[in-house]
Amino acid sequence: MKRLKNNTALNLISRFAAMASVTLMVVFATACGSAKQNDLSETLQQDAAKDLALFFKQNGNYVASNAFPAVMSAADLYVLRDSNILVIDLRDTDQFASGSVPGAVNLRPDKVIAFFNNDIDANAFDRIVFTDSRGQVAAHVAGIMRLLGFDNVFSVRFGMSGWTKAIAAAGWDLAFGDSLINHISKNPSAELVANHPLPQLSVSGNTPYERVLSRADSLLSGNTTSFLLSFKEVVHHPEKYFVINYVSEEQYLDYGHLEGAVRFTPRQPLVSDDFLSSLPTDKAIVVYCHTGHQSAHLTAYLRMLGYEAYSIIYGANSFMHNALIKSPMPNHYWSEAQRNDFPVTTGQNTNEPSAAPIEIKAVKGGC
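Just add 2 to the spot in the sequence shown (first one is 1) and you have our numbering.
Take a look at the structure:
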């Protein structure tokens, strides 16, 4: 595994120059020749969320693409460990020192954009892989970086819990449960009403790209676990939340779902006007999937647009795990098949390769 292929700085604005050119041409073409830049900025600012949604749609359309969500397994990461990849561990320094993927770089989320901009040539890597303890924060950060145009960025499903059993014992081994298994609903999803305005969003910058970067920096500089919410909060205060179960119709009806949760099909409606106008702005939006990884990527998109959006930590695994184990896709639930014992680095010293053969579990399926 290579740490830094080269140290040539990648300027984020240069990376987005080609992507933003069409949008910028429209902006400049519609501005009167001698119009003041402040007037242009003020006009665009009134529709910031709409501008960002359009920018994402025209530049990669990540949340509606087949690449969404950009999640890989710990086993896949192990197989690729000696290839041209960079692993970024988002945990704090003590957690990182206690055991990390060999060759990984330790960064807190608020340092990620500067690291991409100043310390690496992100395009030089086949993959840049984010990990953390349990996968949720890594998925959220990867989702934001994907929206910034880095299409070689991934997060690790189940985080370091999927890499080593020692971390799993304090991580995903404690995360799943069945407290609502007898209270889940199998009713059809309610009809959506598409009459809500977009959020009021305050971001700086005169161009769509500058606003995207400003918004991403704001989200990564804050409390990067603030997007996570326990299912207990949703169940105890259902009037406060608009709940989205982000799964297929078959899974929604077969596995069951939280009472009152509406279903959105993954990828299909995410960038349409009807989808966004069906989301309320007078209450918080809560998204959940099976494991919380896909919903963390989606929540990144919604938060970039200014919604007060949350992802249920550990997804449906946290309250109806046994309902998921009948899934033909094992990645939908935490199990022994997800637990590995791959080598780790402790402190600054790389572990010697294990003399014993290492089992690589090939668990296939959706996110």
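A virtual CB, placed ideally from N, CA and C, is assigned to each residue, including glycine.
Practice item. Give the DSSP bridge partners of Thr301, in chain order. Key: Within the sequence shown, residue 301 is the residue found at index 299, counting from 1. Answer is none; Thr301 lacks a bridge partner.
Exercise for review: Please determine, among Ala51, Tyr248, Thr133, Ser191, the residue with the shortest C-alpha to C-alpha distance to Ile314.
Suggested key: On the sequence shown, residue 314 is found 312 positions in, with the first residue counted as 1. Among Ala51, Tyr248, Thr133, Ser191, the Cα nearest to that of Ile314 belongs to Tyr248.
Exercise for review: Can you grab the Cα-Cα spacing for the pair Asp256 / Ser250, in whole Å?
Suggested key: Here residue 256 refers to the residue found at position 254 of the sequence shown. Here residue 250 refers to the residue found at position 248 of the sequence shown. Rounded to whole angstroms, the gap between the alpha carbons of Asp256 and Ser250 is 10 Å.
**Study point:** Integer-rounded CB distance, given that Ser320 should sit under 8 Å from Phe178
**Key:** For the purposes of this step, residue 178 is taken as the residue at position 176 of the sequence shown. For the purposes of this step, residue 320 is taken as the residue at position 318 of the sequence shown. Between Ser320 and Phe178 the Cβ distance is about 6 Å, and since that is below 8 Å, they are a contact.
Check your understanding: Shortest alpha-carbon distance to Leu281 belongs to which of Met306, Phe244, Gly258?
Key -> Within the sequence shown, numbered from 1, the residue matching residue 281 stands at position 279. Nearest of Met306, Phe244, Gly258 to Leu281, Cα basis: Phe244.
Practice item. Please state if the CB of Leu230 and the CB of Gln138 are separated by a distance shorter than 8 Å. Key: Residue numbering aside, residue 138 sits at position 136 when the sequence shown is read from its first letter. Residue numbering aside, residue 230 sits at position 228 when the sequence shown is read from its first letter. Yes, Cβ-Cβ distance for Gln138 and Leu230 is below 8 Å.
Practice item. Can you tell me which of the three DSSP states Thr95 falls into? Key: Residue 95 sits at position 93 when you count from the first residue of the sequence shown. Here Thr95 sits in helix by DSSP.
Point to revise | Delimiting residues of the beta strand (DSSP E) encompassing Ala124 | key: Walking along the sequence shown from the start, residue 124 turns up at place 122. Unbroken run through Ala124: none, as it is neither H nor E.
Point to revise | Contact set for Asn154: own chain, Cβ-Cβ below 8 Å, skip 5 residues either direction | key: Taking the sequence shown and counting its residues from 1, one reaches residue 154 at position 152. For Asn154, where only same-chain residues beyond five positions count, the Cβ hits under 8 Å are Ala124, Asn125, Phe127, Asp128, Arg129, Ile130.
Practice item. Pull up the DSSP beta-bridge partners for Ala72, would you. Key: Against the sequence shown, residue 72 aligns to sequence position 70. Ala72 pairs with nothing; no bridge assigned.
Practice item. Output the distance between the C-alpha atoms of Phe156 and Leu109, rounded to the nearest integer angstrom. Key: For the purposes of this step, residue 156 is taken as residue 154 along the sequence shown, with counting starting at 1. For the purposes of this step, residue 109 is taken as residue 107 along the sequence shown, with counting starting at 1. One C-alpha to the other measures close to 15 Å.
Exercise for review: With a 10 Å radius around its C-beta and 16 neighbouring C-beta atoms as the bar for buried, classify Gly173 as buried or exposed.
Suggested key: Numbered from its first residue, the sequence shown carries residue 173 at position 171. Its Cβ being crowded by 16 or more others within 10 Å, Gly173 is buried.
Review point. Counting along the chain, where does the alpha helix (DSSP H) carrying Ser250 start and finish?
Key: As a working mapping, residue 250 is identified with position 248 in the sequence shown. Per DSSP, Ser250 belongs to no alpha helix (DSSP H) and is neither H nor E.
Review point. Any contact of the stretch 63-80 with the stretch 160-169, i.e. 3+ C-beta pairs under 8 Å?
Key: yes
Review point. Which term fits Gln340, buried or exposed, when burial requires 16 or more other beta carbons within 10 angstroms of its beta carbon?
Key: Numbered from 1 along the sequence shown, position 338 holds the residue referred to as residue 340. So Gln340 ends up on the buried side.
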